[in-house]
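Numbering (the numbering used here) for the sequence shown: 94 to 169. The beta carbon of each residue, even a glycine, is placed where N, CA and C say it ideally should be. Here the structure is laid out as structure tokens; the discussion comes afterwards.
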Amino acid sequence: MSPAIQYDIHVFKTNIDTETDSQIVGEVLNTHEDVMHWSVDLNDVDRVLRIVTCSLHQSDIISLINQQGYQCSELQ
94 MSPAIQYDIH
104 VFKTNIDTET
114 DSQIVGEVLN
124 THEDVMHWSV
134 DLNDVDRVLR
144 IVTCSLHQSD
154 IISLINQQGY
164 QCSELQ
């Protein structure tokens, strides 16, 4: 029997302000094989991005979002 896969949930503060911004980021996240699920709360003042992954580190995710032209930092 193989061990169960452990998933991590990473939570970030972003400047993803609109549905269009979310779609742009989504194009990258939806096609990334290590992203199991993601969401952005556009109603939250911090535009909270949540990502479920089994292998990506926070720095990897921040780089992915920054490459799309958006700010992303770990939510404390």
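Which residue or residues does DSSP assign as beta-bridge partners of residue i?
i	result
residue 104	143
residue 128	146
How many Å lie between residue i and residue j at the Cα?
i	j	result
residue 163	residue 150	18 Å
residue 109	residue 158	9 Å
residue 117	residue 111	10 Å
residue 101	residue 161	22 Å
residue 142	residue 107	7 Å
residue 138	residue 96	39 Å
Helix, strand or coil for residue i per DSSP?
i	result
residue 116	helix
Please name the residue, chosen from the options, that lies closest to residue i on a Cα-to-Cα basis.
i	options	result
residue 147	135, 130 and 140	130
Checklist line | Complete alpha helix (DSSP H) runs within the stretch 132-168 (minimum length 4 residues, chain order) | finding: 151-160
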